[in-house]
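I have placed the structure first, in the form of structure tokens, so that the comments after it can refer back to it.
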Amino acid sequence: MLKQVGWRMLMGMLVGVALSFSGIEAAVAADKTTTSKAETPKGPRAIIKTKFGDIEIKFYPDVAPKHVDNFIKLAKSGFYNGTIFHRVIPGFMIQGGDPNTKDSLKKDIYGQGGPGHTVKAEFSDTPHKRGIVSMARAADPDTAGSQFFIVVEDSRFLDRKYSVFGEVTKGIGVADKIVNLARDERDNPRERVEMTVTIVE
23 MLKQVGWRML MGMLVGVALS FSGIEAAVAA DKTTTSKAET PKGPRAIIKT KFGDIEIKFY
83 PDVAPKHVDN FIKLAKSGFY NGTIFHRVIP GFMIQGGDPN TKDSLKKDIY GQGGPGHTVK
143 AEFSDTPHKR GIVSMARAAD PDTAGSQFFI VVEDSRFLDR KYSVFGEVTK GIGVADKIVN
203 LARDERDNPR ERVEMTVTIV E
């Protein structure tokens with residue numbers, strides 16, 4: 023009789039433990055679902071396709087509306103397709119968006135091209151943390167055109183000096199692969215990494 027009672031108690035405890043774990047798993051699953059929904063970016067976003075994978079970017083229209091609008095218009099026109107990430111600095115950033123890079127024989131002028139127009143600076147307090155997408159420019163703050171960069175490490179020294187207009191939400195590992203490619207003395211990667219940019223509404 024004691025053995026039967028002990029066995030029943032043991033089985034009851036095991037069932038209770040199993041139910042507890044089921045409850046935990048259900049809670050975790052629910053939490054994952056909630057997190058997934060919460061992280062779904064609203065509004066248009068950019069998908070940068072490369073041979074290493076895709077980089078997804080959400081925009082900051084409240085921070086830099088003119089730069090967001092400029093990037094979206096250029097992307098929709100096909101401007102970025104066939105350009106490359108022409109500048110990589112490990113521990114810092116990858117840069118792309120120069121139309122000159124569509125021609126592999128024009129390496130001497132990589133980094134000098136643009137869309138034929140510029141966008142007035144929209145500096146903000148948004149920090150240049152890992153994954154931030156910002157506009158490249160010349161010495162004049164109002165010379166951003168089409169070239170952009172993605173920081174792979176926090177780079178707060180850039181704050182309020184460059185116009186932040188978005189952030190990587192998926193695929194930062196792709197940027198990590200690109201930034202660590204072998205490069206020449208001008209920081210041009212020796213391996214050509216072309217991009218195709220599409221806008222998803």
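What the sequence shown shows, in this note's numbering, is residues 23 to 223, in sequence order.
Cβ coordinates follow ideal geometry from the N, Cα and C atoms, glycine included.
Pick from the options: whose alpha carbon is nearest that of residue i?
{"i": "Pro66", "options": "Phe81, Ile77, Asp76, Lys73", "result": "Phe81"}
{"i": "Lys192", "options": "Gly153, Arg178, Arg208, Asp181", "result": "Gly153"}
{"i": "Pro112", "options": "Ile172, Val190, Ile79, Phe93", "result": "Ile172"}
{"i": "Glu144", "options": "His150, Lys129, Ala158, Ser185", "result": "Ser185"}
Under 7 Å Cβ to Cβ from residue i, same chain only, skipping five residues before and after it: list those, please.
{"i": "Lys142", "result": "Lys88, Asp164"}
{"i": "Thr123", "result": "Thr105, Ile106, His108, Tyr132"}
{"i": "Arg178", "result": "Pro149, His150"}
{"i": "Ile94", "result": "Pro66, Ile221"}
Give every residue of the same chain whose Cβ lies closer than 6 Å to the Cβ of residue i, excluding the five residues on either side of it in the sequence, and list them in chain order.
{"i": "Thr218", "result": "Lys71, Asn103"}
{"i": "Gly167", "result": "Gly136, Pro137, Thr140"}
{"i": "Pro211", "result": "Val110, Leu203, Arg205"}
{"i": "Phe101", "result": "none"}
{"i": "Val90", "result": "Phe81, Pro83, Phe187"}
Tell me which same chain residues have a C-beta within less than 8 Å of the C-beta of residue i, skipping the five on either side of it?
{"i": "Val215", "result": "Thr72, Lys73, Phe74, Ile106, Phe107, Ile200, Leu203"}
{"i": "Asp181", "result": "Asp147, Thr148, Pro149, His150"}
With 16 as the cutoff for other CB atoms within 10 Å, does residue i come out buried or exposed?
{"i": "Asp125", "result": "exposed"}
{"i": "Ser99", "result": "exposed"}
{"i": "Val174", "result": "buried"}
{"i": "Leu127", "result": "exposed"}
{"i": "Ser44", "result": "Interpretation of Ser44 is limited by its pLDDT of 41, a score under 50 that renders its predicted location unreliable; no figure is taken from the coordinates."}
{"i": "Glu223", "result": "exposed"}
{"i": "Arg208", "result": "exposed"}
{"i": "Asp162", "result": "exposed"}
{"i": "Gly195", "result": "exposed"}
{"i": "Asp176", "result": "exposed"}
{"i": "Asp120", "result": "buried"}
{"i": "Gln169", "result": "buried"}
{"i": "Gln134", "result": "exposed"}
What does DSSP give as the partner residue(s) for residue i in the beta ladder?
{"i": "Phe171", "result": "Gln117, Ser156"}
{"i": "Ile221", "result": "Ala68"}
{"i": "Pro211", "result": "Arg205"}
{"i": "Val186", "result": "Ser156"}
Segments assigned alpha helix (DSSP H), at least 4 residues, entirely inside the region 68-110: With a minimum length of 4 residues, the continuous alpha helix (DSSP H) runs that stay inside the region 68-110 are 87-98.
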